[in-house]
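Structure record follows, encoded as structure tokens.
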Amino acid sequence: MYTNKVKRILFIIAIPIAIIVVLLITSGEKDEDEAERKVDVNDQPIDPSLPSSTGQEKDVTSSIYVDIKGEVKNPGVYEMDTEERVIDAIETAGGFTNNANESLVNLAQKVHDEMVIDVLPVGANGTPALTNGQHTDISKIRINQATVEEIEALNGIGPAKAEAIVQYRDENGPFQQIEDLLEVSGIGEKTLESLEDDIQVP
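Heads up: the sequence shown is residues 1 to 202, going by UniProt numbering.
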């Protein structure tokens, strides 16, 4: 009888112990499965075509070189960005001197590679020399730097055509040759012939 009681007690004790062991084993397997899933996710290769979340890509701008001469505080050749304008180039060169004729400089014009910005002194006549390194004839209107008012004063050019020339220049960049003016709305062969002796391109 005593032996049966002991066996019965041991059996009763063994049941909850067995249940606890089974629960522990099951819980351990779940933890391992979760750990494996985490490892699988973290070990997935990164697609180089996808944008990186760790940093932003920097905009890449093309560098150009502009030669700034004349009445600026620090003349020289400076590296600029293609989206910058003459006013940025002047500031890069230290700004105008006290003797600079600022009224002759088109500060709003975009700079371009190999551009020469020659700031004339007070009292100088003509338009400033903003060129591609070529000889500048200051007796002619430089069509790539002239204001609407200066262009309007040309033979056969009224306010509408002057505005059209400046708008085309701003949208498409400097004129490379005089024939490029034919691309401007309202400019024909006859108008171009009347302008040849009064303008300089580039």
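Glycine residues also receive a C-beta, built at the ideal position from the N, C-alpha and C atoms.
The model shown is predicted, which means the values in this text are computed figures rather than measured ones.
So, at 8 Å on beta carbons, what are the nonlocal neighbours of residue i in its own chain, with the 5 sequence-adjacent residues on each side left out?
{"i": "arginine 85", "result": "Leu107, Ala108, Gln109, Lys110 and Val111"}
{"i": "aspartate 81", "result": "Thr61, Ser62, Ser63 and Ile64"}
Taking only the alpha-carbon atoms, compute the straight-line gap between residue i and residue j and give it to the nearest angstrom.
{"i": "glutamine 56", "j": "glutamate 83", "result": "Note that glutamine 56 scores 45 on pLDDT, short of 50, meaning its location in the model is unreliable and no value can be drawn from it."}
{"i": "valine 66", "j": "aspartate 170", "result": "19 Å"}
{"i": "alanine 93", "j": "glycine 123", "result": "22 Å"}
{"i": "isoleucine 13", "j": "leucine 23", "result": "16 Å"}
{"i": "glutamate 79", "j": "isoleucine 117", "result": "13 Å"}
{"i": "isoleucine 199", "j": "proline 121", "result": "22 Å"}
{"i": "serine 63", "j": "isoleucine 157", "result": "36 Å"}
{"i": "aspartate 197", "j": "lysine 140", "result": "8 Å"}
{"i": "asparagine 98", "j": "isoleucine 68", "result": "16 Å"}
{"i": "lysine 73", "j": "lysine 190", "result": "44 Å"}
Is it right to say residue i is buried, meaning 16 or more other beta carbons lie within 10 angstroms of its own, or is it exposed?
{"i": "leucine 195", "result": "buried"}
{"i": "asparagine 144", "result": "buried"}
{"i": "alanine 153", "result": "exposed"}
{"i": "glutamate 71", "result": "buried"}
{"i": "glutamine 167", "result": "exposed"}
{"i": "aspartate 113", "result": "exposed"}
{"i": "valine 119", "result": "buried"}
{"i": "alanine 162", "result": "buried"}
{"i": "isoleucine 90", "result": "buried"}
{"i": "isoleucine 19", "result": "exposed"}
For residue i, collect the residues of the same chain with a Cβ closer than 7 Å to its Cβ; drop the 5 residues on either side in sequence, then sort them by chain order.
{"i": "residue 203", "result": "Within the shown structure, residues of the chain are numbered from 1 to 202, placing residue 203 beyond reach of any answer."}
{"i": "threonine 147", "result": "Asn106"}
Suppose the cutoff is 6 Å on Cβ atoms and the five residues either side in sequence are ignored; what does the same chain contact list for residue i look like?
{"i": "isoleucine 187", "result": "Leu181"}
{"i": "glutamate 102", "result": "Phe96"}
{"i": "isoleucine 87", "result": "Leu107"}
| query | Unbroken beta strand (DSSP E) runs of length 3 or more, entirely within the segment 73 to 155: which are they? | reply | 76 to 81, 115 to 119 and 129 to 131
| field | Within the segment 172 to 202, ranges of the alpha helix (DSSP H) (whole runs, at least 4 residues) | value | 189 to 195
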